[in-house]
Every structure is written in structure tokens, then in C-alpha cells.
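Residue numbers (my numbering): 5 to 251.
Where is the CB? At the ideal position from N, CA and C, for every residue including glycine.
1. Would residue 9 be called buried (16 or more neighbouring beta carbons within 10 Å of its own) or exposed?
2. Report the three-state DSSP secondary structure of residue 204 (helix, strand or coil).
3. Residue 130 by DSSP, collapsed to three states: which one?
4. On a CA-only basis, which of 142, 13, 176 is nearest residue 24? Give me that one, please.
5. How about residue 338 and residue 220: do their beta carbons lie closer than 7 Å?
6. Flag this pair as yes or no: are the beta carbons of residue 241 and residue 115 separated by less than 7 Å?
7. My understanding is that residue 72 touches residue 111, with C-beta atoms under 8 Å, so please give their C-beta distance in whole angstroms.
8. Please classify residue 248: does DSSP put it in a helix, a strand, or coil?
9. Note the first and the last residue of the continuous beta strand (DSSP E) segment covering residue 67.
10. Does the Cβ-Cβ distance between residue 147 and residue 113 come in under 7 Å?
11. Of all the options 79, 132, 44, 74, which has the alpha carbon lying nearest to the alpha carbon of residue 87?
12. Specify the secondary structure class of residue 8 as computed by DSSP and reduced to three states.
13. In whole angstroms, give me the CA-to-CA distance for residue 214 and residue 227.
14. Taking C-alpha atoms, which residue in 33, 203, 82, 70 lies nearest to residue 236?
15. Suppose you measure from the CA of residue 180 to the CA of residue 85; what does that come to, to the nearest Å?
16. Measuring alpha carbon to alpha carbon, tell me which residue in 155, 178, 207 is nearest residue 218.
17. Please report how far the alpha carbon of residue 47 lies from the alpha carbon of residue 167, in whole angstroms.
18. Taking only three categories from DSSP, how would you classify residue 108?
19. Is the Cβ-Cβ distance between residue 159 and residue 100 less than 7 Å?
20. Taking 8 Å as the limit between beta carbons, can you name the residues of its chain near residue 145, skipping five residues before and five after?
21. In whole angstroms, give me the CA-to-CA distance for residue 244 and residue 230.
22. Going by Cα to Cα distance, which pick from 35, 52, 140 is closest to residue 15?
23. Under the three-state reduction of DSSP, which class applies to residue 136: helix, strand or coil?
24. DSSP three-state call for residue 153: helix, strand or coil?
25. Given residue 140, which residues of its chain have a CB within under 6 Å of its CB, disregarding the five upstream and five downstream residues?
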């Protein structure tokens with residue numbers, strides 16, 4: 005059983021608006037056998053979209069204001085990885101759904117589904133090949149007229165498409181500002197090898213798409229290649245990646 009209270013100023017999301025989240029959450033996680041688990045979470049938060057730039061587009065200006073989000077998340081996972089730091093074999097798979105809106109006392113009528121997974125292969129001479137991917141989709145229900153920007157989907161940055169700027173991949177307005185989409189999918193292929201003790205090198209390829217419609221694959225395909233070191237230090241793991249867009 006986990007509880008959380010938070011106050012977050014997310015000024016790094018955009019150059020034309022700021023986002024502030026204030027709220028709390030309760031979650032219950034239960035093992036289901038040796039490798040499986042289920043988790044149920046409830047979150048109540050006030051989301052404020054503010055400090056809109058005077059040159060922002062009308063699409064961004066429509067997002068300005070306060071939203072009370074009351075949300076339930078339900079997920080199931082299966083994890084057989086041999087380590088969470090230098091994973092050499094095993095897999096992790098998660099599937100989940102979420103719903104928020106007026107039936108829970110909020111005013112953001114949104115639902116969504118997500119699925120993600122990773123698989124690791126232990127090769128000779130301590131080389132490791134891994135595949136990672138995720139699919140997400142969101143949409144409105146009930147009286148909801150649009151998915152607010154804080155629930156829309158973006159790709160780009162250190163956690164998925166590493167050859168692109170943070171949130172760069174996906175639909176944009178007329179000024180080039182990311183608006184986010186309703187469906188996203190990406191896949192990562194990575195090959196790592198030892199250099200010296202606690203230091204590994206990596207080659208990777210990332211590919212992904214963000215669509216403006218729910219359960220739709222019509223967005224532009226983006227991909228990159230790259231290299232980077234992996235440092236496993238006493239303070240924790242450090243990853244530095246250099247990605248080059250190719251598509």
C-alpha cells in the first residue's frame with residue numbers, strides 16, 4: 005500500500021506554457037505468483053495550464069485553465085528479469101487501463117489503454133541484446149469534447165526516441181509547438197557490450213509513431229540510430245546516448 009502527496013511545477017514541458025500539478029494518490033500492489041503482480045491506483049489532482057505565451061496558437065490557448073482530475077489506473081505485469089541494473093536475460097511485460105472523469109468527481113472525461121514490454125538476450129562474452137516497445141492510446145468519453153494536453157501522448161527524448169528532442173515527435177500546431185496525439189507506439193533495439201569493469205558500450209535503433217486519432221496508426225514514422233556508454237557506479241547507473249535521426 006503506497007500513498008503520495010505531490011506539488012509539481014512542470015515548466016520544462018513547453019516553451020509556450022507551464023503546467024502545475026497538485027494532488028495525491030493511493031495505490032495497492034499485490035503479487036500474483038512468483039513473477040506476476042496487479043496494481044490498482046487512485047489519483048486526485050488539480051492540473052493548472054498557465055503562463056501562456058502571447059504568441060501561442062489558438063490550440064494551446066484552448067488548454068488554459070484549471071482541471072480537477074479524479075483517475076483510476078489498473079495494471080497487470082509479469083517480470084522475470086535477473087537484475088534491474090545490468091539485465092542480461094528475462095522479460096518484463098505490463099498491460100493497463102485508466103479512466104478519469106465526472107463519475108469520480110473530476111472534470112477530465114478521459115480513458116486509455118497501454119501495453120509495454122522488454123526482452124533481454126544474454127549473448128556470448130557478456131554481450132546483451134534487448135528489445136523494448138510500448139503502445140498507448142487515449143480518448144474522451146461522456147461529455148468530454150477533447151483530451152486535455154496533460155493526457156495526450158508524445159514521443160522523443162531520453163526514454164524512447166533518443167535522436168529527437170523531448171516531446172518533439174507527434175502532431176504540432178502551425179508554429180511547430182507539439183500538441184500531442186491520441187495513439188503512440190515505439191520500439192527500441194539495443195546491443196550492449198563490456199568495455200571495462202562497470203562500463204559498457206551500446207548501439208541502438210529507435211522507431212516510433214504518434215497519431216492524432218485513437219487506435220490509429222496514421223502518424224508519420226520517425227526513427228534514429230545512436231551510440232552511448234553505460235556506467236554502473238556506486239551512486240547508481242548512468243546512461244549517456246547520442247542519437248541521429250534517420251527518418
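Reading off the structure:
1. Label assigned to residue 9: exposed.
2. Here residue 204 sits in strand by DSSP.
3. Reduced to three states, the DSSP call for residue 130 is helix.
4. Among 142, 13, 176, the Cα nearest to that of residue 24 belongs to 13.
5. What is shown of the chain runs 5 to 251, which leaves residue 338 out entirely.
6. Residue 241 places its beta carbon 7 Å or farther from that of residue 115.
7. With 8 Å as the limit, residue 72 and residue 111 qualify as a contact, their Cβ atoms being about 5 Å apart.
8. Residue 248: strand per DSSP, three-state reduction.
9. Residue 67 -> no beta strand (DSSP E), and no H or E assigned at all.
10. Yes, the pair counts as a contact, with Cβ atoms nearer than the cut-off.
11. Of the candidates 79, 132, 44, 74, the one whose C-alpha sits nearest the C-alpha of residue 87 is 132.
12. In the structure shown, residue 8 sits in a strand (DSSP, three-state: E or B).
13. Their Cα atoms are separated by approximately 12 Å.
14. Closest option to residue 236, Cα to Cα, is 203.
15. Between the alpha carbons of residue 180 and residue 85 lies a distance of about 40 Å.
16. Answer by Cα proximity: 155.
17. Taking the straight line from one Cα to the other gives about 33 Å.
18. For residue 108, the secondary structure class from DSSP, reduced to helix, strand or coil, is helix.
19. No, these two residues do not count as a Cβ contact at 7 Å.
20. These residues qualify, in order along the chain: 103, 105, 113, 114, 115.
21. Rounded to the nearest whole angstrom, the CA to CA distance from residue 244 to residue 230 is 11 Å.
22. Answer by Cα proximity: 52.
23. Here residue 136 sits in strand by DSSP.
24. In the three-state scheme derived from DSSP, where H, G and I count as helix and E and B as strand, residue 153 is classed as helix.
25. The answer, listed in chain order, is 118, 157, 188.
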